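What follows is a short report on a single structure.
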Amino acid sequence: MNLDLNGSRVIVTAGAAGIGRAIVEGFLAEGAQVATCDIDEAALATLPEAVFARRVDVADAEALRGFVADAAAAMGGLDCLVNNAGIAGPTARVEDVALDQWNATLAICLTSHFVAAAAAVPLLRGSDNPSIVNLSSLAGRLGFALRSPYAAAKWGVIGLTKSLAIELGGDSIRVNAVLPGIVSGDRQRRVMEARAQARGASFAEIEAEAFSHSAIREYVTPQQIANQVLYLASPLGRTMSGQAISVCGGTDRLG
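Here the sequence shown is numbered in my numbering, starting from 19 and rising by one per residue.
Put into structure tokens, the structure is as follows:
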């Protein structure tokens, strides 16, 4: 299938590792120009030289706005913004979550999406295939016990997505969200380990419980998430907007 993304100009936040890295590599394989930021300088250094890369803490609104502007200038414009940045946040009962943990989780998982989108929209208006793809989570549709800051932020991403889809439809800018389920990788392992510790259970018990709520009992890969993002950013997804698309193997419960 030809996604017709050759020459597209794409910004991906937090693109040095994990899902973000798979998205960056997917766009590069389609011939797109790609810019990304991340807080991990060592991981950024392993990206192909063709990628416009900068160390940015997305919780720093000024730095994030500056990155979007500079990246678009370097690429000669902008066709797609992928808001991928996020953190797991604390694993704890609500009464044990510190306010600064709540604020930090929302700053990265939700506010950074708002800041980047606000900076990108004036640039996207100059594109003939403009789109924004926000990474939410299955926790943004189902909720997640012991992960209230993360789940609240990811629900917020869906609300932001649907609101921007309505607001920007007149500019032909489509806005969608992708909701990963249980994704393979170090981050998911750390989440399960933290949950196991909080509940006094083994990692194997937590893993088995997680998959017991899925129709397809296997990990989602970062590449599968990237495939969905690329489709939404391509001209093939031109009439898709305001959607929250789960890539989760039919999972109906978390925790």
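From the three backbone atoms N, C-alpha and C, an ideal C-beta is built for every residue, glycine too.
These numbers were taken from a predicted model, which means no experiment stands behind them.
What are the start and end residues of each continuous beta strand (DSSP E) run of 3 or more residues lying completely inside the region 132-187, in chain order?
149-153
So G36 and L248 are in contact, right, with Cβ under 8 Å, and what is the actual spacing, rounded?
Actually they do not touch by this definition, with Cβ atoms about 16 Å apart.
Do P240 and A53 count as a contact pair if the criterion is CB distance below 8 Å?
no
For F132 and L178, believed in contact at Cβ under 8 Å, the rounded distance:
6 Å
Quick one: any contact between the region 153-161 and the region 109-117, if contact means 3 or more CB pairs under 8 Å?
no
Assuming the contact rule is C-beta atoms closer than 8 Å, I29 and L99 should be a hit. Round their C-beta distance to whole Å, please.
5 Å
Closest residue to L272 among A77, G49, E48 and A163 (Cα-Cα distance):
A163
Residues of its chain near C266, where Cβ-Cβ distance is below 6 Å and the 5 sequence neighbours each way are ignored
L156 and G199
Just curious, the alpha helix (DSSP H) that G39 is in, first and last residue?
According to the sequence displayed, residue 39 carries Arg and not Gly. It spans G36 to A47 - the alpha helix (DSSP H) in which R39 sits, taken as one unbroken run.
Starting from L128, follow the beta strand (DSSP E) in both directions and report where the run begins and ends.
Premise fails: L128 is in no beta strand (DSSP E) and is neither H nor E.
What are the partner residues of Q51, as DSSP defines its beta bridges?
R27
Does the separation of the CB atoms of N102 and G33 fall below 8 Å?
yes
Could you round the C-beta distance between L62 and A71 to whole angstroms and report it? I think they count as a contact, below 8 Å.
5 Å
Are the CB atoms of I234 and L182 nearer to each other than 8 Å?
no
In chain order, what residues of the same chain lie with their CB nearer than 6 Å to the CB of T129, ignoring the 5 residues before and after it?
none
Quick check: what's the CA-CA separation for T64 versus D58?
10 Å
Say whether chain B places a C-beta atom closer than 8 Å to the C-beta of R256.
You won't find chain B in this structure, because it holds only one protein chain.
A77 vs A135 beta-carbon contact at 8 Å
no
Contact defined as beta carbons within less than 8 Å: I believe R143 pairs with G94. What is the distance between those atoms, to the nearest angstrom?
Between G94 and R143 the Cβ distance is about 15 Å, and since that is not below 8 Å, they are no contact.
Helix, strand or coil for I243? Go by DSSP, reduced to three states.
helix
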